[in-house]
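Throughout, our numbering is defined as the position within the sequence shown, counted from one, plus 1148. Cβ atoms here follow ideal geometry from the backbone N, Cα and C, with glycine treated the same way.
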Amino acid sequence: MASSKADGKRRLKEMTEDEEEEDDEDSSTGAIGFGDDEKKKKGKRGPSGGLPLPGCQVENCTADMIDAKRYHRRHKVCEFHAKAPNVRVAGLHQRFCQQCSRFHELSEFDEAKRSCRRRLAGHNERRRKSSSEYHGDGSHYIN
1149 MASSKADGKR RLKEMTEDEE EEDDEDSSTG AIGFGDDEKK KKGKRGPSGG
1199 LPLPGCQVEN CTADMIDAKR YHRRHKVCEF HAKAPNVRVA GLHQRFCQQC
1249 SRFHELSEFD EAKRSCRRRL AGHNERRRKS SSEYHGDGSH YIN
């Protein structure tokens, strides 16, 4: 059984190598019209790359996102508004959820929390589950 398993792995490796060689041949001949250079051009584009940097989603926010952290640029929210308890986005009073990385209406949050109820419920459920796995059902206490 062990030899057949090894043979299977060897065949799988050979098939994968054959497919890679075929891919290399296709890209070198330019069958599709794109060379390797075109495929590898994915990546960051700087401010001079032609694409404007996204601004903060909050209405009337003029924060400069050029020097913002990657997280804030990705989610289009400046650091100030990511932590603000109440902002105006799309005409609604909202708050940025740290768990979802999205803006939600204020009614979806408990008091001053920065995570929405739905994500907090899931987080607490996972904590309870892992806690009960480690501690058992509580009947194993030694007096």
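Original post:
If we count Cβ pairs, one from each stretch, closer than 8 angstroms, do we get three or more for the region 1235 to 1243 versus the region 1270 to 1282?
Top reply: no
Subject >> For cysteine 1245, the residue or residues it bridges with in DSSP >> reply: Within the sequence shown, residue 1245 is the residue found at index 97, counting from 1. Answer is Arg1250, bridged to cysteine 1245.
**OP:** Would you mind stating whether arginine 1243 and arginine 1222 have Cβ atoms separated by less than 9 angstroms?
**Re:** Residue mapping note: residue 1243 aligns to position 95 of the sequence shown, counting from 1. Residue mapping note: residue 1222 aligns to position 74 of the sequence shown, counting from 1. No, the pair does not count as a contact, with Cβ atoms beyond the cut-off.
Original post:
Given glutamate 1207, which residues of its chain have a CB within under 6 angstroms of its CB, disregarding the five upstream and five downstream residues?
Top reply: Working through the sequence shown from its first residue, we reach residue 1207 at position 59. Around glutamate 1207: Arg1236.
Original post:
Are the Cβ atoms of cysteine 1245 and glutamate 1256 separated by less than 9 angstroms?
Top reply: In the sequence shown, residue 1245 corresponds to position 97, counting from 1. In the sequence shown, residue 1256 corresponds to position 108, counting from 1. Closer than 9 angstroms, so yes.
Original post:
When the Cα atoms are used, what is the spatial distance from serine 1278 to leucine 1268?
Top reply: Against the sequence shown, residue 1278 aligns to sequence position 130. Against the sequence shown, residue 1268 aligns to sequence position 120. The straight-line gap from Cα to Cα measures roughly 15 angstroms.
Subject >> Delimiting residues of the beta strand (DSSP E) encompassing arginine 1236 >> reply: Against the sequence shown, residue 1236 aligns to sequence position 88. Start and end: 1235 to 1237.
Original post:
How big is the Cα-Cα spacing for cysteine 1248 and cysteine 1264?
Top reply: If you number the sequence shown from 1, residue 1248 lands on position 100. If you number the sequence shown from 1, residue 1264 lands on position 116. Near 8 angstroms, if we compare the C-alpha coordinates of cysteine 1264 and cysteine 1248.
**OP:** Could you tell me the boundaries of the alpha helix (DSSP H) in which alanine 1230 lies?
**Re:** Translated into positions along the sequence shown, residue 1230 becomes position 82. Looking at the DSSP string, the run of the alpha helix (DSSP H) that includes alanine 1230 is 1227 to 1231.
Subject >> Rounded separation between serine 1280 and aspartate 1258 - CA only >> reply: Mapped onto the sequence shown, residue 1280 falls at position 132. Mapped onto the sequence shown, residue 1258 falls at position 110. Each residue's alpha carbon lies about 25 angstroms from the other.
Original post:
From alanine 1232 to threonine 1210, what distance separates their C-alpha atoms?
Top reply: If you number the sequence shown from 1, residue 1232 lands on position 84. If you number the sequence shown from 1, residue 1210 lands on position 62. Each residue's alpha carbon lies about 15 angstroms from the other.
**OP:** Alpha carbon to alpha carbon, how far is cysteine 1204 from glutamate 1253? Give it in angstroms, no decimals.
**Re:** Within the sequence shown, numbered from 1, the residue matching residue 1253 stands at position 105. Within the sequence shown, numbered from 1, the residue matching residue 1204 stands at position 56. Approximately 17 angstroms, taken between the alpha carbons.
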